[in-house]
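Asker:
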């Protein structure tokens, strides 16, 4: 931008105002001229009018002038000059002639590159000089320019005053406005761009440009992209035409509508389906519209007493989809036509009633001598959207003789120290003549792993040879010519206590006790001797084979820096590039970035930094983790790449684990992995801990939050900086980032006596197993730490998570043995998990559907389905009866604050089964 400079006429009389001449191109020009070289002490001034600067901060002044060579002037004695001075003065408004000479700020002394002689002047041809000077930064609203002549023969031809700016442009679909350059020569002005019409900013990538001091746009960052329904054409976004669509701003071009869809408008993000065709709720707009499948073909059946097997062929038309499944509708019909009711929840389906992938199913527990109609419907992802009539294959079947139904009501008649008498009612549906009953019983603590049976031909029996003060569980089933029925509900009974006098025997009356005490004492002494011998052998072996790799505690080094540089590689800070902050640790920020070592490919790394202003102790504690990690080399232990201790910030560089901590990763992907995948994760953690244990290292803080997961779902043990050796001070407190000892993960002996060993790590590993199988749930839920400690002391252990195989839960219980000597070693744990993985049947969860009609309260029902943690949620919401629970929808369950998807599904599945059982048994009218 150029400002025309008006020259003030209030000048000294020595200045001639209207002098004509020719420039180098013989073009006529007008000049301001002065040539008082014969007179001494010249001080001639010329000033511009007031110039308003606007947004400019750096002002450019271009001067064009001519100057006569002093040597060409005859008779000049020392007073002639060949330069003049340039000044400026900042003001907020016009001030007239009130500025004194000493208030001007000198810019420069201007000299001519070329001067003219008398001969040139005679031809009236002047040699123009051009000089440019810069003023700035300016802070007032405007300024004056002034020119001082102290005895030169000079003609001022033109003065051009201007500033520079970057002109508005469109770059990456973003408009950048006219922008004035910065005040410094090297400054860059950052400018935010505005997306053009029908465009939006790319996620986390706002468009920016930088205006240089020379008025050029530099360093473009980020961009805009055309919105859904629009595509880029030049520097604008145009709508997709009719018959085309663009579903996402991430797509580059519009696409033609997929099969069986259309649109008749511009700028569409999707195409509508033709009549009779649909798009599933999870189908992307790019998928062709489809329709429901036709009916299954060739439905056949096979009946065996009260079990029916159905088989069929796939439909001739799948509707254009590959997600076809099948569902079975069962109705029980009377001998009169058109009188049929739904079969209800007592009928079982194997493998399931709906969502069948295979073309067969078995229907069990049908009533004997009854008519049934079965309908098999093929469904796909759009069946529920179709308004057309359902298509299915149907068959009517009559059942034959069946086994008896359950013995539902059992009464305890008499309870003694060693016997219990029971009675019961005949089943509601004997389906024949009952010839005998079988009573199954076992100790409650055995959980039916070891059980006994008693036969009875009547509806009562006495079970003898029981233990006093012991809880037993009883179940009864009936037998007819068709075979045994299913066991009825469990009845729990506790035998009476045995008289205390009979158990008191003094050591004086029984010398066997004295002998036993002596034998036990001798055994203990022998154990200590053997233990001492083993320790001695280990020490001797360590001396004999110094190459055996064992863990060395960095705290044993007088100089911590020596420990760091012995076990960790020092890296050049220039090889590390920090890209973004991904978290915060105890000592500073945790970042992700890249590491490029000479001669090697760059790689992703995680970087722990030490915050500014650290103390020497903080630096020592921070680098202690590197001293520990540097000793480990195992695929299931996080690998240390190196440290930066000779630069700032101080850094620990480790391998980058894309999926971060295991607990957060599992919560994010609740219910999305198979049991075999979860067991594979546990196997990796156990392998890493076996390696650490073999090295003699005790972790002390093993938890899912301290296990990291990479993109291949490989789990690696981490967080060694907080695993401190506890000294002998009885007041010392083991601390972590969470505060004191992490009670929920710590073995009892470690909490009470600070006995941290590999066995206490095994206890923690059991808690990690529970976290993994429950998808990152908090151990012991919302119990306080004191409640957890009290419960564990009283023998309480965490129950099996939902759908957890019994073998895995038993391994957890083994890890939580009170006596640490009874807990398995990590080597044994790895072997057990390997056997489970090879023998997949051991990983099948137990799916025992309870009989909901036997529960008397909502609490009993929640306990049966292992959801007792939500008891208070149901109570607070007013669900006090099973009838009210049976009417709940998925929205009602979510409103209770139950956020885990897996738990929502399990509760809703249980509620649906409850509805079916209530409808069949009580006719409540609840819609199934």
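Numbering (my numbering), first residue to last: 1 to 928. Ideal Cβ positions, reconstructed from N, Cα and C, are used throughout, including at glycine.
1. In terms of alpha-carbon separation, which member of 883, 746, 869 lies closest to residue 816?
2. Sorted by chain position, which residues of the same chain lie with C-beta nearer than 6 Å to residue 671's C-beta, five sequence neighbours on each side aside?
3. Looking at the secondary structure, which residues open and close the beta strand (DSSP E) in which residue 31 lies?
4. Kindly confirm or deny that the segment 243–254 and the segment 273–281 touch, where touching means at least three C-beta pairs closer than 8 Å.
5. Have a look at residue 426 and residue 494 and give me their C-alpha separation to the nearest angstrom.
6. If you follow the beta strand (DSSP E) that residue 420 is in, where does it begin and where does it stop?
7. Is residue 614 helix, strand or coil by DSSP?
8. Am I right that residue 148 and residue 85 are in contact with their C-beta atoms under 8 Å? What's the rounded C-beta distance?
9. Under the assumption that residue 711 contacts residue 636 (Cβ atoms under 8 Å), give the Cβ distance between them as a whole number of angstroms.
10. So, is residue 543 buried or exposed, given that buried needs 16 or more other C-beta atoms within 10 angstroms?
11. Taking C-beta to C-beta, are residue 664 and residue 759 nearer than 9 Å?
12. For the alpha helix (DSSP H) that contains residue 690, what are its first and last residues?
13. Would you say residue 474 and residue 434 are within 9 Å of each other, going by their C-beta atoms?
14. Apart from the five residues just before and just after residue 604, which ones in its own chain have a Cβ nearer than 6 Å to its Cβ?
15. May I ask you to report which of helix, strand or coil DSSP gives residue 158?
16. Between residue 801 and residue 866, what straight-line distance do the alpha-carbon atoms span, to the nearest angstrom?
17. Just mark residue 290 as buried or exposed, buried being the case when its beta carbon has 16 or more other beta carbons within 10 Å.
18. Three or more C-beta pairs under 8 Å: does that hold for the segment 319–334 against the segment 368–382?
19. When DSSP builds the beta bridges, which residues end up paired with residue 929?
20. Quick one: using the 10 Å Cβ neighbour count with 16 as the cut-off for buried, is residue 894 buried or exposed?
21. Among 765, 311, 416, whose alpha-carbon lies nearest the alpha-carbon of residue 825?
22. Measure the alpha-carbon distance for residue 317 versus residue 324 and round it to whole angstroms.
23. In the DSSP assignment, find the unbroken alpha helix (DSSP H) run with residue 884 in it and report its ends.
24. Assess, as a yes-or-no matter, whether the segment 83–97 is touched by the segment 185–201 under the definition of 3 or more beta carbon pairs within less than 8 Å.
25. Applying the criterion that 16 or more other CB atoms from any shown protein chain within 10 Å of the CB defines a buried residue, is residue 203 buried or exposed?
26. Output the distance between the C-alpha atoms of residue 876 and residue 886, rounded to the nearest integer angstrom.
27. Does the segment 168–184 come close enough to the segment 102–114 to have 3 or more Cβ pairs within less than 8 Å?
28. To which residues does DSSP link residue 580 through a beta bridge?
29. Where does residue 813 fall in DSSP's three states?
30. Would residue 858 pass as a contact of residue 869 if the rule is Cβ separation under 9 Å?
31. Can you grab the Cα-Cα spacing for the pair residue 556 / residue 645, in whole Å?
32. Which partner residues does residue 956 have in the DSSP bridge list?
33. Within 10 angstroms of the Cβ of residue 214, are there 16 or more other Cβ atoms? Answer buried if so, exposed if not.
34. Expressed to the nearest angstrom, what Euclidean distance is found between the alpha-carbon atoms of residue 260 and residue 707?
35. DSSP state of residue 836, grouped into three classes?
36. May I ask you to report which of helix, strand or coil DSSP gives residue 828?
Answerer: Judging by the given coordinates:
1. 746
2. 901, 902
3. 28–34
4. no
5. 25 Å
6. 420–424
7. coil
8. 4 Å
9. Between residue 636 and residue 711 the Cβ distance is about 15 Å, and since that is not below 8 Å, they are no contact.
10. Bear in mind that the predicted position of residue 543 carries a pLDDT of just 35, short of 50, making it unreliable; the figure below should be weighed with that in mind. When all chains shown are included, residue 543 counts as exposed.
11. no
12. 675–694
13. no
14. 656
15. strand
16. 8 Å
17. buried
18. yes
19. Outside the displayed range of the chain (1 to 928) lies residue 929, so it cannot be described from this structure.
20. exposed
21. 765
22. 10 Å
23. 882–886
24. no
25. exposed
26. 17 Å
27. no
28. 592
29. helix
30. no
31. 20 Å
32. For the chain, the structure presents residues 1 to 928; residue 956 sits outside this window and is missing.
33. exposed
34. 49 Å
35. helix
36. helix
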